[in-house]
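Novice: Protein chains in written order, with my numbering: chain A, 15 to 353; chain B, 15 to 353; chain C, 15 to 353. Think of the CB as a built atom: it goes at the ideal place given N, C-alpha and C, for glycine as much as any other residue.
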Amino acid sequence: MKLGEVAVYLGAELQGDENAECQGINEPERAGPYDLALVGNELRIDVQTLHALALIVDKGSKIEYPNRLLTDQPRLAFCMALELFHPHRSLFPGISPLASISPDAMLAEGVMVGAFTVIAGKAEIGTKTEIHPHVVIYPGVKIGKGCIIYAGVVLREGVELGDYVIVQPGAIVGADGFGYLVSGDQGLRKIPQVGTVCLEDHVEIGANSCVDRGTLSETRVHEQAKLDNLVQVAHNVNVGPRSRLSAQTGISGSVNIGADVVMGGQVGVADHISIAAGTMIAAQAGISGTIKEKGIFAGSPHQDIASWRKSYVLLRNLDDYVVRIKELEKRVKELMNER
Amino acid sequence: MKLGEVAVYLGAELQGDENAECQGINEPERAGPYDLALVGNELRIDVQTLHALALIVDKGSKIEYPNRLLTDQPRLAFCMALELFHPHRSLFPGISPLASISPDAMLAEGVMVGAFTVIAGKAEIGTKTEIHPHVVIYPGVKIGKGCIIYAGVVLREGVELGDYVIVQPGAIVGADGFGYLVSGDQGLRKIPQVGTVCLEDHVEIGANSCVDRGTLSETRVHEQAKLDNLVQVAHNVNVGPRSRLSAQTGISGSVNIGADVVMGGQVGVADHISIAAGTMIAAQAGISGTIKEKGIFAGSPHQDIASWRKSYVLLRNLDDYVVRIKELEKRVKELMNER
Amino acid sequence: MKLGEVAVYLGAELQGDENAECQGINEPERAGPYDLALVGNELRIDVQTLHALALIVDKGSKIEYPNRLLTDQPRLAFCMALELFHPHRSLFPGISPLASISPDAMLAEGVMVGAFTVIAGKAEIGTKTEIHPHVVIYPGVKIGKGCIIYAGVVLREGVELGDYVIVQPGAIVGADGFGYLVSGDQGLRKIPQVGTVCLEDHVEIGANSCVDRGTLSETRVHEQAKLDNLVQVAHNVNVGPRSRLSAQTGISGSVNIGADVVMGGQVGVADHISIAAGTMIAAQAGISGTIKEKGIFAGSPHQDIASWRKSYVLLRNLDDYVVRIKELEKRVKELMNER
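(1) Considering Cα atoms alone, identify which of C:E171, C:G140, C:I70, C:A66 is closest to R103 of chain A.
(2) Grouping DSSP H, G and I as helix and E and B as strand, with all else coil, what is V327 of chain B?
(3) So, helix, strand or coil for R203 of chain A, using DSSP?
(4) Could you compute how far the alpha carbon of E307 of chain A sits from the alpha carbon of L169 of chain C?
(5) Would M120 of chain A and E144 of chain A qualify as a contact pair, given that the criterion is a beta-carbon distance under 8 angstroms?
(6) Could you name the residues that DSSP lists as bridge partners for F311 of chain B?
(7) Got a sec, what are the start and stop residues for the beta strand (DSSP E) C212 of chain C sits in?
(8) Counting pairs of beta carbons, one from the stretch 73–80 of chain B and one from the stretch 90–101 of chain B, are three or more of them closer than 8 angstroms?
(9) Would V211 of chain B and E237 of chain B be called neighbours here (beta carbons separated by less than 8 angstroms)?
(10) Could you check where the alpha helix (DSSP H) with R89 of chain A kicks off and where it finishes?
(11) Judging by CA-CA distance, which residue of C:K159, C:H146, C:H148 is the nearest neighbour of G140 of chain C?
(12) Have a look at L329 of chain A and L332 of chain C and give me their C-alpha separation to the nearest angstrom.
(13) Specify, as a first and last residue, the run of the beta strand (DSSP E) that A51 of chain C falls within.
(14) Using 8 angstroms as the limit for Cβ to Cβ distance, is M277 of chain B near chain A?
(15) Can you list, in chain order, the residues of its chain whose CB lies under 7 angstroms from that of R203 of chain B, leaving out five sequence neighbours each side?
(16) Going by other Cβ atoms of all chains shown within 10 Å of its Cβ, with 16 needed for buried, is A312 of chain A buried or exposed?
(17) Go ahead and pull the three-state DSSP assignment for D72 of chain A.
(18) Find the nearest neighbour of E56 of chain C within the set C:P42, C:H65, C:L67, C:L241, judged by alpha-carbon distance.
(19) In terms of alpha-carbon separation, which member of B:L17, B:G254, B:P101, B:V281 lies closest to L50 of chain B?
(20) Look at the alpha carbon of V71 of chain A and the alpha carbon of H100 of chain A, and state the distance between them as a whole number of angstroms.
(21) What whole-angstrom Cβ distance do L105 of chain A and Y152 of chain C have, given they're in contact under 8 angstroms?
(22) Give a yes or no on whether the minimum CB-CB distance between F311 of chain A and chain C is below 8 angstroms.
(23) According to DSSP, which residues form a beta bridge with V187 of chain A?
(24) What's the gap between the Cα of G46 of chain C and the Cα of E214 of chain A?
(25) May I ask which residues mark the beginning and end of the alpha helix (DSSP H) holding E348 of chain A?
(26) Between C:Q207, C:G166, C:L342, which lies nearest to A129 of chain C when the distance is taken from Cα to Cα?
(27) Which residues bound the beta strand (DSSP E) around E27 of chain C?
(28) What residues are listed by DSSP as bridge partners for I162 of chain A?
(29) For G108 of chain C, is the classification buried or exposed, using 16 other Cβ atoms within 10 angstroms of its Cβ as the cut-off for buried?
(30) Kindly say whether F148 of chain A, judged by its beta-carbon, lies nearer than 8 angstroms to any beta-carbon of chain B.
(31) From which residue to which residue does the beta strand (DSSP E) around Y194 of chain A run?
(32) For A234 of chain C, is the classification buried or exposed, using 16 other Cβ atoms within 10 angstroms of its Cβ as the cut-off for buried?
(33) Buried or exposed: K373 of chain B, going by 16 or more other Cβ atoms within 10 Å of its Cβ?
(34) Going along the chain, which residues of its own chain have a beta-carbon closer than 6 angstroms to the beta-carbon of Q182 of chain C, five neighbours each way excluded?
(35) Per DSSP, which residues does S257 of chain B bridge with? Please list them.
(36) Check the DSSP bridge columns for G264 of chain A and list the partner residues they point to.
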């Protein structure tokens with residue numbers, strides 16, 4: 015592909031050789047003479063040591079290079095270049111004769127099914143959805159169009175996926191919520207979990223993550239919400255649109271997470287609380303109560319991040335204050351003695 | 015089913031129309047004209063807005079409604095109604111011809127085996143146990159009667175399950191414990207993990223949880239203990255009867271957990287310690303040493319919850335105390351100067 | 015086997031009956047009359063209550079027993095005895111006719127493949143590597159010799175494993191990293207993750223752990239590094255040689271972990287930081303910035319362990335200091351009033 019064509023595709027301004035051959039994109043220090051690289055306005059990179067064909071830089075950047083692609087949104091251009099040079103290809107095309115597909119499952123046109131995948135009764139799968147090998151689709155599951163379901167995924171009975179949902183390997187959607195009745199004489203009695211899970215359009219679920227079915231109604235992950243790996247979403251939770259939950263975060267039962275909430279890794283959220291839209295939560299925080307207004311929170315139990323920082327600075331300086339208290343005690347004793 | 019019959023089944027007193035038709039149970043605001051709903055003594059619900067056929071309420075509750083089911087144990091009645099209207103049905107009945115079952119595996123009457131499940135040599139499976147598709151049962155595994163093993167579960171060689179055990183999708187029972195010998199010159203030497211895992215009667219293991227095999231003897235989860243999703247139980251651990259470990263909790267090697275211990279999510283427990291029966295541990299706590307007497311604990315490292323609360327209140331007010339120290343220093347300086 | 019032969023194999027000095035029959039090794043209190051047991055120099059064990067044939071003890075130990083195996087490295091002798099009495103045996107020998115192996119996959123001599131395992135196009139598998147049932151190997155994967163890949167493992171397209179790598183059940187290698195572009199009007203745009211994962215020689219990955227592929231280049235786990243269960247390693251991370259990450263630890267994107275780093279369980283590491291070789295990190299710590307020099311760290315955000323201990327002792331004694339501040343205030347008020 016000509017560099018000039020790439021520039022047009024990325025919506026970037028090319029300063030350099032529009033006829034140069036461009037074949038890919040790589041990290042700056044690994045990019046070869048046919049590769050783009052993203053530099054943005056990163057002045058710490060010594061561009062004189064680079065071998066890339068062209069650099070994607072911020073419009074107005076002072077970075078000099080033979081071929082420059084100037085843009086207001088370098089990361090968007092980087093993402094588009096990745097899409098351009100690494101278009102999605104279906105790894106397991108067609109329907110494997112080794113899959114076990116129930117006669118009353120309904121597969122739309124272009125559905126792909128890998129070897130040893132099980133599609134049970136009354137499942138419905140939308141157009142061009144790719145189901146890789148070793149997926150287990152329980153009875154009554156509905157999947158929209160254009161989804162990608164990776165190997166090892168389990169979709170329990172009746173769960174519903176919208177369009178363009180991606181489920182990374184090993185994720186479990188619709189396992190029973192964790193509910194028991196404690197009765198003194200009979201031990202623990204399992205509360206049947208008869209609800210379901212809805213993953214709306216463009217949701218992505220990370221590897222080995224778990225989204226439990228509702229007890230009576232549903233657990234819902236709203237459109238474009240993204241879960242990283244090893245995330246736990248308990249029964250009856252709502253994850254708001256475009257919210258992002260980083261790896262190993264756990265959401266307890268019946269929590270309502272608003273839109274555009276961002277959580278770092280290993281965050282925990284207590285049950286039956288709400289989190290306002292747009293809230294940001296630092297890694298390892300423990301959200302112990304409802305957050306009514308958006309803000310940035312950290313710590314366990316959580317505080318707004320400014321208070322949390324102040325507390326921690328004071329905590330680290332506590333020994334100074336202890337010294338000062340002891341000094342005060344000494345002087346006050348002197349003063350008392352002098353009376 | 016007639017509402018009067020439902021009342022008898024639930025052991026509740028019906029005040030209302032015993033001949034009304036009842037078809038299910040749902041959340042109060044979703045329940046329709048043939049559904050029960052659990053209200054208990056929850057006065058925040060505006061019952062005038064509900065469409066349910068009948069409400070399950072506390073005996074003595076002042077909640078008014080055309081049909082009321084009065085009981086001392088509303089949550090038990092709720093659970094029993096769920097069992098009544100959603101009886102367990104086997105999702106993968108029979109033995110799939112697509113399963114791979116070793117000729118020397120012993121399957122009792124009524125065992126169900128899903129497609130592509132592997133049952134290796136010398137495995138023994140008890141009456142009416144349901145093994146879903148895509149389960150891997152390594153050689154020598156013993157499973158009792160009435161168990162449900164969901165898709166994607168792996169039971170490693172020689173592990174033993176009692177009766178009525180439930181293993182949610184993706185759980186791994188019997189992986190190698192994490193043990194290496196560090197020797198300066200040779201790097202790390204794996205310590206063979208040749209023990210096993212025993213899950214006793216009525217144990218439930220959550221989705222994608224891991225229970226490692228013992229190094230020499232066994233890791234044991236005692237009867238009725240319940241593990242939520244993504245829980246880690248390391249080698250040689252004992253989880254006491256009826257103990258409940260919430261999601262993403264991790265138990266280090268050789269820990270002894272007593273009976274009826276309850277842990278919140280993301281708790282960590284250090285190795286080689288014991289936790290007294292009946293102990294309750296708050297989410298995200300870090301149990302750094304043996305707990306000899308039952309209590310409620312929180313924080314990392316853990317404290318009894320009263321001390322922990324006091325520490326955190328003080329921590330949040332530290333800046334006040336700093337102001338007071340500075341004020342004291344000012345006044346003492348004045349007093350010193352006046353001498 | 016004769017006890018004398020065992021002693022020679024373990025490199026230990028036998029004091030006792032070299033002709034005694036020895037059949038195994040067990041925990042001291044479980045060891046029977048044909049078993050070894052490791053005691054080391056553990057004086058709390060009452061050896062008079064033991065039934066073991068022989069004890070492995072520290073050279074110079076004062077522990078008395080009819081048969082003693084004396085050694086400078088009792089744990090090494092223990093590990094070697096485990097290897098001797100529990101030699102590795104292949105649980106799923108041969109190539110199962112129920113596996114789905116692409117015609118252009120290259121399997122070296124002695125490769126074992128279990129039932130329902132999928133080996134996709136252009137995969138390469140080295141000599142004597144054991145691939146258990148229900149493994150999914152995506153196109154272009156390369157695996158060295160002598161590896162063991164347990165059931166339920168997914169190796170995504172193009173990932174590379176060196177020699178003698180062990181992957182415990184359910185681990186996911188090469189899932190997409192967690193990367194999205196946030197654009198106000200279009201919501202979230204997935205950044206294609208086109209890199210790969212390299213697991214070098216003698217690496218072990220725990221059950222249900224996840225190692226994400228790099229965005230452009232690779233995520234690399236260096237030789238002999240060991241990951242416990244449910245560990246998350248994000249895109250573009252380097253885990254240094256011989257480093258050990260305990261269960262439920264999470265490493266954010268682009269982190270560089272040096273050699274011989276040891277992390278306790280549930281540790282979190284923030285993105286784009288480095289951790290010096292030889293560093294030790296306590297369980298549940300949150301590493302918030304680069305660690306340039308090796309040391310022992312704890313807390314979230316992390317501190318060196320001495321400072322962290324001091325902070326926590328002070329925090330627990332805060333109420334004492336508050337009392338002392340109040341007492342000072344009272345006395346200073348008296349003094350002020352007396353002026």
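Specialist: Considering the structure as presented:
(1) Position 89 of the first sequence, counted from the start, is the residue given in the question as residue 103 of chain A. Of the candidates C:E171, C:G140, C:I70, C:A66, the one whose C-alpha sits nearest the C-alpha of R103 of chain A is C:E171.
(2) Indexing the second sequence from 1 puts residue 327 of chain B at position 313. Correct three-state label for V327 of chain B: helix.
(3) Working through the first sequence from its first residue, we reach residue 203 of chain A at position 189. Looking at R203 of chain A - three-state DSSP - the assignment turns out to be strand.
(4) By one-based count along the first sequence, residue 307 of chain A stands at place 293. By one-based count along the third sequence, residue 169 of chain C stands at place 155. Straight-line Cα distance between these residues: approximately 43 angstroms.
(5) Stepping through the first sequence from its first residue, residue 120 of chain A is reached at position 106. Stepping through the first sequence from its first residue, residue 144 of chain A is reached at position 130. The answer is no: Cβ separation not under 8 angstroms.
(6) The residue you call residue 311 of chain B lines up with position 297 of the second sequence. F311 of chain B is bridged to B:I295, B:D318.
(7) Taking the first residue of the third sequence as 1, we reach residue 212 of chain C at position 198. Counting along the chain, the beta strand (DSSP E) containing C212 of chain C begins and ends at 210–213.
(8) no
(9) For the purposes of this step, residue 211 of chain B is identified with residue 197 of the second sequence, where counting begins at 1. For the purposes of this step, residue 237 of chain B is identified with residue 223 of the second sequence, where counting begins at 1. No.
(10) Here the question's residue 89 of chain A lines up with position 75 in the first sequence. Note, R89 of chain A: alpha helix (DSSP H), 88–99.
(11) Taking the third sequence and counting its residues from 1, the one referred to as residue 140 of chain C is at position 126. Of C:K159, C:H146, C:H148, the residue nearest in Cα terms is C:K159.
(12) Translated into the one-based positions of the first sequence, residue 329 of chain A becomes position 315. Translated into the one-based positions of the third sequence, residue 332 of chain C becomes position 318. Cα to Cα, the separation comes out at about 10 angstroms.
(13) Mapped onto the third sequence, residue 51 of chain C falls at position 37. Here the beta strand (DSSP E) through A51 of chain C covers 49–54.
(14) Within the second sequence, residue 277 of chain B is the residue found at index 263, counting from 1. Not an interface residue.
(15) As a working note, residue 203 of chain B is residue 189 in the second sequence. Once the five neighbours on either side are set aside, the close Cβ partners of R203 of chain B are Y194, L195, S197.
(16) Residue mapping note: residue 312 of chain A aligns to position 298 of the first sequence, counting from 1. The residue in question, A312 of chain A, is buried, as its Cβ has 16 or more Cβ neighbours within 10 Å.
(17) The sequence position of residue 72 of chain A within the first sequence is 58, counting from 1. Three-state DSSP puts D72 of chain A in a strand.
(18) For the purposes of this step, residue 56 of chain C is taken as residue 42 along the third sequence, with counting starting at 1. Taking only the C-alpha atoms, the option nearest E56 of chain C is C:P42.
(19) Within the second sequence, the letter at position 36 stands for residue 50 of chain B. When only C-alpha atoms are compared, the closest one is B:L17.
(20) For this step, residue 71 of chain A is matched to residue 57 along the first sequence. For this step, residue 100 of chain A is matched to residue 86 along the first sequence. So the two alpha carbons sit approximately 21 angstroms from each other.
(21) Taking the first sequence and counting its residues from 1, the one referred to as residue 105 of chain A is at position 91. Taking the third sequence and counting its residues from 1, the one referred to as residue 152 of chain C is at position 138. Indeed they touch by this definition, with Cβ atoms about 6 angstroms apart.
(22) The residue you call residue 311 of chain A lines up with position 297 of the first sequence. It does not; no Cβ of chain C falls within 8 angstroms.
(23) Taking the first sequence and counting its residues from 1, one reaches residue 187 of chain A at position 173. Partner(s): A:L169, A:V225.
(24) What you label residue 46 of chain C is simply residue 32 of the third sequence in a count that begins at 1. What you label residue 214 of chain A is simply residue 200 of the first sequence in a count that begins at 1. Distance between the alpha carbons of G46 of chain C and E214 of chain A: 59 angstroms.
(25) Counting from one through the first sequence, the residue named residue 348 of chain A turns up at place 334. 332–352 is the span of the alpha helix (DSSP H), which, as asked, contains E348 of chain A.
(26) Taking the first residue of the third sequence as position 1, residue 129 of chain C is located at position 115. Here the closest residue by C-alpha is C:G166.
(27) In the third sequence, residue 27 of chain C corresponds to position 13, counting from 1. It spans 27–29 - the beta strand (DSSP E) in which E27 of chain C sits, taken as one unbroken run.
(28) The sequence position of residue 162 of chain A within the first sequence is 148, counting from 1. I162 of chain A is bridged to A:E144, A:I180.
(29) Here residue 108 of chain C corresponds to residue number 94 of the third sequence, with the count starting at 1. Under this definition G108 of chain C is an exposed residue.
(30) Stepping through the first sequence from its first residue, residue 148 of chain A is reached at position 134. Per the sequence shown, the amino acid found at residue 148 of chain A is His instead of Phe. With 8 angstroms as the cut-off, H148 of chain A counts as an interface residue toward chain B.
(31) Mapped onto the first sequence, residue 194 of chain A falls at position 180. That run of the beta strand (DSSP E) goes 194–197.
(32) Stepping through the third sequence from its first residue, residue 234 of chain C is reached at position 220. At residue 234 of chain C the sequence reads Arg, which differs from the Ala that was named. With 16 or more other Cβ atoms within 10 Å, it is buried.
(33) Absent from the model: residue 373 of chain B. The displayed extent of chain B is 15 to 353, so no value can be given.
(34) Sequence index remark: in the third sequence, residue 182 of chain C carries index 168 (1-based). Closer than 6 angstroms at Cβ, skipping near neighbours: Y164, G220, A221.
(35) Within the second sequence, the letter at position 243 stands for residue 257 of chain B. Within the DSSP bridge table, the entry for S257 of chain B names no partner.
(36) Locating residue 264 of chain A in the first sequence gives position 250, counting from the first residue. DSSP, once it has assigned bridges, lists A:Q246, A:G282 as partnering G264 of chain A.
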